[in-house]
Amino acid sequence: MQKIVILTGAGISAESGLGTFRAEGGLWAEHRIEDVATPEGFARNPKLVVDFYNARRAQAAEAEPNAGHLALSRLEKDFAGEVVLVTQNVDDLHEKAGSRRVMHMHGALKGALCGRCEHRWEAPLVMAPGDSCPQCTQPAARPDIVWFGEMPYDMEQIYEHLSEADLFVSIGTSGNVYPAAGFVSEARRHGARCMEFNLEPSAVGGLFNDIRIGPATQTLPEWVAEVLAN
Ligand code: OAD
1065 MQKIVILTGA GISAESGLGT FRAEGGLWAE HRIEDVATPE GFARNPKLVV
1115 DFYNARRAQA AEAEPNAGHL ALSRLEKDFA GEVVLVTQNV DDLHEKAGSR
1165 RVMHMHGALK GALCGRCEHR WEAPLVMAPG DSCPQCTQPA ARPDIVWFGE
1215 MPYDMEQIYE HLSEADLFVS IGTSGNVYPA AGFVSEARRH GARCMEFNLE
1265 PSAVGGLFND IRIGPATQTL PEWVAEVLAN
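Following my numbering, the numbering of the sequence shown begins with 1065 at its first residue and continues without gaps.
Rendered as structure tokens:
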């Protein structure tokens, strides 16, 4: 085995105290997607949206990586082949755990994006609606988060990695949001073995060769030890 491509979702950060989206009492039970995670919602009420991400940025800044994040950073460091980590998460817990090669396909709380010129820069801890862009000076700053209806980042590169993967691993994601939910089919089509780590099989669970049920802080350290022992 030479190349492992890993996709993570909110479940890997759950044991670090960051809420998932679709659980009972999760973020999407308390906030309407169309209000806080769409360009139309932002146009209607920028303050609501900026405040929502300010709160999540503050929470993520306090959070610590858990044994699941740490196991993946160990894998990247010690595996003889290539490890590519793609995350749907907008927190930086993979980086805090020491992972170096992380693709944030849904953007990052640490980033700000200009809605006019698409310049990207490091967000302050607290953003305000109408903050100006350091490049074009327009008052068009927004959180650098990929909202519903927008194109996720790095898709071309990600599909290339999936086509080269020997093993595709999906961790803590419910398999409801595309294109990420389609990565397992794509990897299979190119001949990769596919593994899922979750508390229960996801919506696309039937497509995996192997499903490991349990909290990521337990299942991931075990699995990484197995891979590194072989
Ligand atoms: P979800 O909230 O949809 O799913 C989280 C998944 O993690 C569920 O399948 C849980 O069973 C699983 N899970 C929870 N705790 C776990 C644990 N300790 N160990 C292992 N698995 C656990 O979150 P995502 O699938 O990441 O996008 O959501 C995908 C996208 O939808 C997000 O990136 C976000 C959201 O809308 C945007 O905001 C653009």
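Beta carbons are placed, not taken as given, at the ideal position from N, Cα and C, and that holds for glycine.
Worksheet item: Got a sec: does the ligand OAD put a non-hydrogen atom nearer than 7 angstroms to the Cβ of P1279?
Response: As a position in the sequence shown, residue 1279 is number 215, starting the count at 1. Yes, since a heavy atom of the ligand OAD falls inside the 7 angstroms radius drawn around the Cβ of P1279.
Discussion item. Cutting at 7 angstroms between CB atoms, please list the residues of its own chain near V1268, excluding the five before and the five after it.
Written reply: Numbered from its first residue, the sequence shown carries residue 1268 at position 204. Cβ within range, chain order: G1239, A1245 and V1248.
Worksheet entry | Residue range of the beta strand (DSSP E) that includes W1185 | Residue numbering aside, residue 1185 sits at position 121 when the sequence shown is read from its first letter. First-last of the beta strand (DSSP E) with W1185: R1184 to E1186.
Discussion item. Rounded to whole angstroms, what is the Cα-Cα separation between F1272 and A1229?
Written reply: Here residue 1272 is taken as the residue at index 208 of the sequence shown, counted from 1. Here residue 1229 is taken as the residue at index 165 of the sequence shown, counted from 1. Straight-line Cα distance between these residues: approximately 14 angstroms.
Item to complete: Quickly, what does DSSP pair G1175 with across the bridge? List them, please.
Response: Residue mapping note: residue 1175 aligns to position 111 of the sequence shown, counting from 1. Beta-bridge pairing links G1175 to E1186.
Practice prompt. Kindly indicate which three-state DSSP category M1259 falls into: helix, strand or coil?
Written response: Here residue 1259 refers to the residue found at position 195 when the sequence shown is read from its first residue. The answer is strand: DSSP assigns M1259 an E or B state.
Worksheet item: By Cβ distance, which residues of its chain are closer than 7 angstroms to L1134, with the 5 residues on each side in sequence left out?
Response: Taking the first residue of the sequence shown as 1, we reach residue 1134 at position 70. These residues qualify, in order along the chain: A1161.
Worksheet item: What residue range is occupied by the uninterrupted beta strand (DSSP E) comprising H1133?
Response: The residue given as residue 1133 occupies position 69 in the sequence shown. Segment A1131 to D1142 is the alpha helix (DSSP H) holding H1133; no beta strand (DSSP E) there.
Item to complete: May I ask you to report which of helix, strand or coil DSSP gives P1207?
Response: Within the sequence shown, the letter at position 143 stands for residue 1207. Residue state, collapsed to three classes: strand.
Discussion item. DSSP has F1232 in a bridge; who is on the other side?
Written reply: For this step, residue 1232 is matched to residue 168 along the sequence shown. DSSP output for F1232 lists V1069 and C1258 as bridge partner(s).
Worksheet item: Does the distance from the C-beta atom of L1071 to that of G1083 stay below 8 angstroms?
Response: For the purposes of this step, residue 1071 is taken as the residue at position 7 of the sequence shown. For the purposes of this step, residue 1083 is taken as the residue at position 19 of the sequence shown. Their beta carbons are not under 8 angstroms apart, which means L1071 does not touch G1083 by this criterion.
Worksheet entry | heavy atom of the ligand OAD below 7 angstroms from V1114 C-beta | On the sequence shown, residue 1114 is found 50 positions in, with the first residue counted as 1. Incorrect: V1114 has no Cβ contact closer than 7 angstroms to the ligand OAD.
Item to complete: Please classify I1235: is it buried, with 16 or more other beta-carbons within 10 angstroms of its beta-carbon, or exposed?
Response: Within the sequence shown, the letter at position 171 stands for residue 1235. Per the 10 Å Cβ criterion, buried.
Worksheet item: Can you pull the DSSP bridge partners for H1168?
Response: Counted from its first residue, the sequence shown places residue 1168 at position 104. H1168 pairs with T1151.
Worksheet item: So, are the CB atoms of A1192 and P1207 less than 8 angstroms apart?
Response: Counted from its first residue, the sequence shown places residue 1192 at position 128. Counted from its first residue, the sequence shown places residue 1207 at position 143. No, Cβ-Cβ distance for A1192 and P1207 is not below 8 angstroms.
Worksheet item: What residue range is occupied by the uninterrupted beta strand (DSSP E) comprising D1274?
Response: Along the sequence shown, read from residue 1 onward, the residue named residue 1274 stands at position 210. Note, D1274: beta strand (DSSP E), D1274 to I1277.
Discussion item. Would you say the beta carbon of S1080 is closer than 7 angstroms to some non-hydrogen atom of the ligand OAD?
Written reply: If you number the sequence shown from 1, residue 1080 lands on position 16. No.
Item to complete: Give a single yes or no on whether V1069 has its beta carbon closer than 7 angstroms to a heavy atom of the ligand OAD.
Response: On the sequence shown, residue 1069 is found 5 positions in, with the first residue counted as 1. It does not: the Cβ of V1069 is nowhere closer than 7 angstroms to a heavy atom of the ligand OAD.
Practice prompt. Verify the contact flag: F1106, CB atom, against every heavy atom of the ligand OAD, threshold strictly below 7 angstroms.
Written response: Along the sequence shown, one-based indexing puts residue 1106 at 42. Every heavy atom of the ligand OAD is 7 angstroms or more from the Cβ of F1106, so no.
Item to complete: Within 10 angstroms of the Cβ of P1129, are there 16 or more other Cβ atoms? Answer buried if so, exposed if not.
Response: Your numbering for residue 1129 matches position 65 in the sequence shown. Buried is the call here.
Practice prompt. Note down the Cα distance separating A1055 from G1073, rounded to an integer number of angstroms.
Written response: In the structure as shown, the chain starts at 1065 and stops at 1294, and residue 1055 therefore has no counterpart that could be examined.
Worksheet item: Which residues bound the alpha helix (DSSP H) around A1251?
Response: By 1-based counting over the sequence shown, the position of residue 1251 is 187. Taken as a continuous stretch (DSSP letters only), the alpha helix (DSSP H) holding A1251 covers F1247 to R1253.
Worksheet item: Hey, P1216 and P1243: beta-carbon distance below 8 angstroms or not?
Response: Within the sequence shown, residue 1216 is the residue found at index 152, counting from 1. Within the sequence shown, residue 1243 is the residue found at index 179, counting from 1. Yes.
Practice prompt. Indicate the three-state DSSP secondary structure (helix, strand or coil) for E1146 in the structure shown.
Written response: The residue you call residue 1146 lines up with position 82 of the sequence shown. Here E1146 sits in strand by DSSP.
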